[in-house]
Each structure stands twice: as structure tokens, then as C-alpha cells.
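Working notes, structure below.
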Amino acid sequence: MKKVDTHLFIESLIEKVRSTIFEVQQLSHFNTTVLSLQPNRQSWSVAQVIQHLNIYNEYYIPTIENKLHLHNTKPLPKFTSGWLGNYFTHLMEPKSGNNIGKKMKAMKSAIPQQQPNAAKEISAFIQNQHQLLQLLQVATNANLQTIRIPTSLNKWVTLNLGDTFRFLIAHQERHFIQIKNTLSITSQQNKQYYPSGSHVVHHQ
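Using the working numbering, you'd call the opening residue of the sequence shown number 1 and step up by one each time.
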């Protein structure tokens, strides 16, 4: 990733989070049975995907908030991604044509329950997204490169703040494509659960 204007960089991430909020709100069109359907035994339901994302958010959002609360830095006009941040983000970023690309195994600590409460997980996810928006706004007054965030993989493996935002948001975009694909498959397998007028979420 080349050097980018810091303000434009943060604004682009804010727009992505707002888009994600819109998409998750569309899931209210589906009942809890639909959101709990798995395409197959090896694939997650929508509710499981959302819980998986909440597990990440519940680690990264408080960690970022704490680092921003303690920081004594000033923003730089340009942001440059680190090599590790670029690597992790590119692993997660959707490919051309809204394709997930290579499947990756989730960490054991991030594997969702078999039957999570869909409504509860969606509500928590929306709340997390609004917190993420607030943190992005706060980050406009911070140095995105010198603030380091320990990853959920290992506290000794850190990313700069800007890359942490990039990775977290790319991870969400990836899984919302998975949600779209899941609804598309289960709608064909279980038409009795899909009332007339319901629709599959489409990633913008």
C-alpha cells in the first residue's frame, strides 16, 4: 500500500463501516430460523458468522480504545502501511468479483457456538460498529503508525493502528460476502423458511 492521505484513509474506512451497518440491519428481514441455517455441516450459519465477528470486535475495540486513551501523539499527513499489516489485510480483503478467495481456518478462540442467539449477536455487532466509528473519529487526531496494537494471535505480534483498522474492517467485509453466499444457498435449500418478499443481502 502506497502512502495515502491520512484523512482520506480514515474517511474510506468510516464509509466501509457505515456500509456494514446498513448490511447487518438488512438481516432483520429474516427470522431467527433462517439466520441459524447452515449450508452444510462444515459451514457456519449467519448467526455463527456474526458471533465470530463479535469475538474479534470484543478483543480489538477495547484494545484500540485503551491505546487511543493513553496516546500522546499527533496525526501525520500521510499514512504508510507496514509490511505485516499489508500481508494480513490482503489475506482478508475480498478479491475481484466479491470473491472470498482462499478459505482460512478460524482460530480456536474465535470459533462460534453451534447455535448462537441471532438477535443478540446482531444487536451486539451493531453496537460494536458504532463504537468502531467513534474510534475512527478519535483516530483522526492520533498517529496511526506509532500506536501499536497487539494482535489476537499473539500479544507480541503487533500492527500499527492504521493497519489494525484496515485488517479488522477487511475481515468484516470478507465475512459479509460469506453471509450473502450463505443466505443464497440456504434460501434454495429451505424455501419454506423464506417468506415472500424476503431478500438476500448484497455487498456493495
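By construction, the Cβ of each residue, glycine as well, lies at the ideal position given by its N, Cα and C atoms.
- Taking 3 residues as the minimum length, the beta strand (DSSP E) runs contained wholly in the segment 110-194 are 148-150 and 158-160, in order along the chain.
- T6 and Y56 have their C-alpha atoms spaced approximately 24 Å apart.
- Here A106 is exposed: its Cβ has fewer than 16 other Cβ atoms, across all protein chains shown, within 10 Å.
- Going by C-alpha positions, H29 is about 36 Å away from N66.
- DSSP links V24 through a beta bridge to no other residue.
- In the assembly as shown, Q188 is an exposed residue. Its beta-carbon has fewer than 16 other beta-carbons within 10 Å.
- Secondary-structure assignment with DSSP links K95 through a beta bridge to N99.
- A straight-line Cα-Cα distance of about 28 Å links V17 and Q42.
- Minimum Cα-Cα distance from H175 among the listed residues M1, F125, L136 and I149 corresponds to F125.
- For T63, the enclosing alpha helix (DSSP H) has its first and last residue at V46 to L70.
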